Amino acid sequence: MVAVSMAWSEALFERRVSDIACRRLIGIRDLGEALAWAHDVDEAADELWVDVDTLRARLDHLHPAERAYLRRRLADPDETVA
Numbered sequence: 676m677v678a679v680s681m682a683w684s685e686a687l688f689e690r691r692v693s694d695i696a697c698r699r700l701i702g703i704r705d706l707g708e709a710l711a712w713a714h715d716v717d718e719a720a721d722e723l724w725v726d727v728d729t730l731r732a733r734l735d736h737l738h739p740a741e742r743a744y745l746r747r748r749l750a751d752p753d754e755t756v757a
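In our numbering, the protein residues as written are 676 to 757.
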């Protein structure tokens with residue numbers, strides 16, 4: 676039982692560290708700009724200087740406010756949202 680609890684705790688810790696790293700590597704404004712013009716996830720990852728897995732991890736763990744920002748930003752790809 677203790678081993679299962681430790682494995683779960685370690686997995687949770689690793690996920691949190693990954694989430695923090697992705698946020699530091701990819702700022703929300705940079706993410707919005709890359710997504711606004713990129714044709715696919717590979718192109719967006721290249722623009723952001725990260726691998727696709729890192730970009731996907733960043734997208735998977737967006738804060739609700741970040742999601743709202745991206746919705747506004749991507750609604751009109753030619754306009755920068757402040």
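Where is the CB? At the ideal position from N, CA and C, for every residue including glycine. From a predicted model like this one, the values you see are computed outputs, not experimental measurements.
Under the Cβ criterion (8 Å, minimum of three pairs), the segment 703-713 does not count as touching the segment 678-688. Nearest C-alpha to residue 751 among 689, 725, 708: 708. Residue 706: member of the alpha helix (DSSP H) spanning 703-712, first to last residue. By the neighbour-count definition (other C-beta atoms within 10 Å, threshold 16), residue 740 is an exposed residue. Membership of residue 749 in the alpha helix (DSSP H) is indicated by the continuous run 739-750. Taking each of 743, 720, 736, 716 in turn and checking the Cα distance to residue 692, the smallest one comes out for 736. Within the same chain, no Cβ atom closer than 7 Å to the Cβ of residue 688 is found once the five residues on either side in sequence are excluded.
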